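Participant: Structure in structure tokens, see below.
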Amino acid sequence: MTTEQPSNTTRKRLIIGGAVAAVAAAGVIGVVSVNAQDPDPGTKTPVAADVAGGNLAQSTHLTIAAATKAAQAALDAAVKENQHVTVAVVDRDGNTVVTLRGDGAGPQSYTSAQQKAFTAVSWNAPTSVLARRLDNAPHLADIDGTLFLGGGAPVTARGGAPIAGIGVAGAPSGDQDEKFAQAGVAALGN
Numbered sequence: 007m008t009t010e011q012p013s014n015t016t017r018k019r020l021i022i023g024g025a026v027a028a029v030a031a032a033g034v035i036g037v038v039s040v041n042a043q044d045p046d047p048g049t050k051t052p053v054a055a056d057v058a059g060g061n062l063a064q065s066t067h068l069t070i071a072a073a074t075k076a077a078q079a080a081l082d083a084a085v086k087e088n089q090h091v092t093v094a095v096v097d098r099d100g101n102t103v104v105t106l107r108g109d110g111a112g113p114q115s116y117t118s119a120q121q122k123a124f125t126a127v128s129w130n131a132p133t134s135v136l137a138r139r140l141d142n143a144p145h146l147a148d149i150d151g152t153l154f155l156g157g158g159a160p161v162t163a164r165g166g167a168p169i170a171g172i173g174v175a176g177a178p179s180g181d182q183d184e185k186f187a188q189a190g191v192a193a194l195g196n
């Protein structure tokens, strides 16, 4: 029994055809990849979706200018009392918007200020009030990213909903830190 071997011509055609198919596929993938990374969203046709029926939520956030104004007011209040602190302002979602580390502030104050701000906005309450809640619910302190020490103050919208948190850390007491955080809130007119 004999088996037929493909001729050299057939073999060459198969190799060339496979190579052409591979190049074509790579080109399509390359085009898709380039289009996915297009930095100019204006070149795309926007996709419209009808989201009526309560499928949209609106939230309010501080501008960078307002967050900076609040942080600077808190830092200025601390400097007036000769305290070396760090001030952090976080948005409603707990993302840091502005952090100002004052001259001479300790290295631990940076993270502490952010955690106090996050805690204040998360529960819409000053962290000194929240610290007292630990007596009845000690496991609250186990929540990642929170710090239940005085020094955090929420910033609220007119209706009372939290829109930001200001945290201050580095003064000798949480009461002082919180007083400085409240100065930042006051600078915003709340």
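For reference, each letter of the sequence shown is one residue, going 7 to 196 in our numbering.
Even glycine gets a Cβ: it sits at the ideal position worked out from N, Cα and C.
Nothing here was measured: the structure is a model prediction, and the numbers come from that model.
Taking just the CA atoms, how far does Trp129 sit from Ala123?
Facilitator: Ala123 and Trp129: Cα-Cα distance of roughly 10 Å.
Participant: Whole angstroms are fine: how far does the CA of Thr66 sit from the CA of Ala163?
Facilitator: If you take the alpha carbons of Ala163 and Thr66, they lie about 8 Å apart.
Participant: Verify whether the separation of the beta carbon atoms of Gly180 and Thr105 is less than 9 Å.
Facilitator: For Gly180 and Thr105, no; Cβs fall outside 9 Å.
Participant: Nearest to Gly151 by CA position, among Gly165, Val127, Pro113 and Ala167, is which residue?
Facilitator: The candidate whose alpha carbon is nearest that of Gly151 is Val127.
Participant: Going by C-alpha distance, which of Leu146, Lys185 and Leu136 is nearest Val85?
Facilitator: When only C-alpha atoms are compared, the closest one is Lys185.
Participant: Pair every Cβ in the region 164-175 with every Cβ in the region 64-80, then say whether three or more of these pairs are closer than 8 Å.
Facilitator: A contact exists between the region 164-175 and the region 64-80.
Participant: Does the Cβ of Pro160 have 16 or more other Cβ atoms within 10 Å, making it buried, or fewer, making it exposed?
Facilitator: Buried, by the Cβ-count rule.
Participant: Reducing DSSP to helix, strand and coil, say where Thr162 ends up.
Facilitator: Correct three-state label for Thr162: strand.
Participant: Can you tell me where the alpha helix (DSSP H) holding Val85 begins and where it ends?
Facilitator: Taken as a continuous stretch (DSSP letters only), the alpha helix (DSSP H) holding Val85 covers Ile70 to Lys86.
Participant: Here's a check: name, in chain order, each residue in its chain whose Cβ is nearer than 6 Å to the Cβ of Gly108, leaving out the five neighbours to either side.
Facilitator: These residues qualify, in order along the chain: Leu81, His90 and Val91.
Participant: Could you give the DSSP three-state label for Ala94: helix, strand or coil?
Facilitator: If DSSP states are grouped into helix, strand and coil, Ala94 belongs with the strands.
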